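To start, the structure under review is shown below, and the notes come after it.
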Ligand code: BEZ
Ligand code: FE
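In the numbering used here, the protein residues as written are 2 to 313.
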């Protein structure tokens with residue numbers, strides 16, 4: 002086809018329902034960057050196929066335009082409603098899965114979410130990342146970082162963040178101290194790590210924008226199951242951005258952003274013993290969670306899967 006374009010602008014007057022897609026694709030053939038051309042070409046083909054499949058009406062096209070306009074209006078450098086849409090439609094986790102195919106045994110990745118902050122304070126093994134006004138039972142999180150052969154990885158950096166019991170990350174909550182529940186920890190020569198935090202809780206993603214409305218209109222809820230975020234990096238290994246979820250959480254099977262994987266669910270075992278609590282420097286009751294991370298060999302630099310809904 003497009004003799005339409007081969008023959009110059011004039012033949013674009015012959016456009017029909019059948020040949021318009023080819024004519025538009027022809028128009029981007031001169032695009033300099035090959036990858037951008039591939040992306041735009043596929044977007045055009047899929048958008049046209051979508052319109053044909055659902056026999057899109059002008060009113061529906063206008064409504065879609067208004068929806069995206071609203072997404073743009075509520076977005077800024079702290080609020081990424083487009084990415085929240087991607088998260089809640091499973092696009093973020095699909096992209097993440099395609100970019101992070103792991104060999105069996107390696108720790109799987111999950112969404113980064115919008116609340117990561119770089120440069121969290123460094124903490125030593127056994128330190129607490131609870132810096133105040135957090136609420137909830139203490140939790141000890143510990144385990145190892147190993148390679149695929151089970152060899153300990155010393156010097157792996159675990160970048161950690163989670164919400165307080167009110168469901169807010171510290172940068173969304175003026176009542177929490179700066180960098181509360183965030184920390185960077187380094188594994189020891191045995192690959193071991195350990196830190197004190199609070200029991201994570203389930204919490205809602207932002208629902209005061211068009212994405213929230215879409216979720217409610219779809220009959221969905223806005224909750225994420227309780228989790229702790231981690232980015233693990235070590236020299237000679239692929240960086241993994243992931244989350245560990247609390248076994249038993251009621252939202253494990255319906256995470257609003259599709260981040261849960263079986264291998265990332267771990268039990269926070271409750272312990273009422275005052276003596277045990279004292280040995281960890283916390284008060285009873287407390288919870289003990291063990292998770293052993295496994296990194297695959299490769300290049301180090303972080304390749305986080307971006308996500309959205311709040312501030313960083
Ligand atoms: C989070 O886990 O922090 C999160 C992830 C995606 C969207 C909103 C929040
Ligand atoms: Fe989160």
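Just so it is clear, CB atoms sit at the ideal spot from N, CA and C, and this is done for glycine as well.
Computed from a predicted model, the values in this text were never measured in an experiment.
Leaving out five residues on either side along the sequence, give the residues of the same chain with a beta carbon under 6 Å from the beta carbon of residue 22.
-> Position 21 of the chain shown, counting from 1, holds the residue named residue 22. Closer than 6 Å at the Cβ level, and outside the excluded window around residue 22, lie 49.
What are the boundary residues of the alpha helix (DSSP H) that residue 214 is part of?
-> Residue 214 sits at position 213 when you count from the first residue of the chain shown. Residues 211-218.
Can you give me the Cβ contacts of residue 72 inside the same chain, cut-off strictly under 8 Å, excluding the 5 residues immediately before and after it?
-> Locating residue 72 in the chain shown gives position 71, counting from the first residue. So the qualifying residues of the chain are 82, 83, 86, 210, 211 and 212.
Where residue 133 and residue 183 are concerned, what is the direct C-alpha to C-alpha distance, given to the nearest angstrom?
-> If you number the chain shown from 1, residue 133 lands on position 132. If you number the chain shown from 1, residue 183 lands on position 182. When rounded, the distance between both Cα atoms is 12 Å.
In three-state DSSP terms, what is residue 96?
-> As a working mapping, residue 96 is identified with position 95 in the chain shown. Note: residue 96 maps to helix in three-state DSSP.
Beta-carbon proximity check, residue 252 vs residue 224, cutoff 8 Å = Mapped onto the chain shown, residue 252 falls at position 251. Mapped onto the chain shown, residue 224 falls at position 223. A contact, by the Cβ cut-off of 8 Å.
Relative to the ligand FE, is the shortest distance from any of its heavy atoms to the C-beta of residue 137 smaller than 7 Å?
-> As a first step, residue 137 must be located in the chain shown, where it is residue number 136. Result no, Cβ not under 7 Å from the ligand FE.
Residues near residue 155 by beta carbon distance below 7 Å, same chain, minus five either side = Along the chain shown, one-based indexing puts residue 155 at 154. Only 188, 189, 190 and 192 meet the Cβ criterion.
Span of the alpha helix (DSSP H), counted from its first residue to its last, around residue 130 = Here residue 130 refers to the residue found at position 129 of the chain shown. No alpha helix (DSSP H) holds residue 130; DSSP gives it neither H nor E.
Starting from residue 73 and walking both ways along the alpha helix (DSSP H), at which residues does that stretch end?
-> The residue you call residue 73 lines up with position 72 of the chain shown. Note, residue 73: alpha helix (DSSP H), 59-75.
Below 8 Å between beta carbons: does that hold for residue 146 and residue 66?
-> Within the chain shown, residue 146 is the residue found at index 145, counting from 1. Within the chain shown, residue 66 is the residue found at index 65, counting from 1. No.
Quick one: give me the first and last residue of the alpha helix (DSSP H) that residue 26 is part of.
-> Along the chain shown, one-based indexing puts residue 26 at 25. It spans 21-28 - the alpha helix (DSSP H) in which residue 26 sits, taken as one unbroken run.
DSSP on residue 137, reduced to helix/strand/coil?
-> Mapped onto the chain shown, residue 137 falls at position 136. In this structure, residue 137 counts as coil in the three-state DSSP scheme.
Expected contact under 8 Å - CB spacing of residue 260 and residue 111 to nearest Å | Sequence index remark: in the chain shown, residue 260 carries index 259 (1-based). Sequence index remark: in the chain shown, residue 111 carries index 110 (1-based). Confirmed, about 4 Å.
Where does residue 17 fall in DSSP's three states?
-> Along the chain shown, one-based indexing puts residue 17 at 16. Coil, per DSSP.
Would you check whether the ligand FE has a heavy atom nearer than 7 Å to the C-beta of residue 183?
-> For the purposes of this step, residue 183 is identified with residue 182 of the chain shown, where counting begins at 1. Outside the cutoff, so no.
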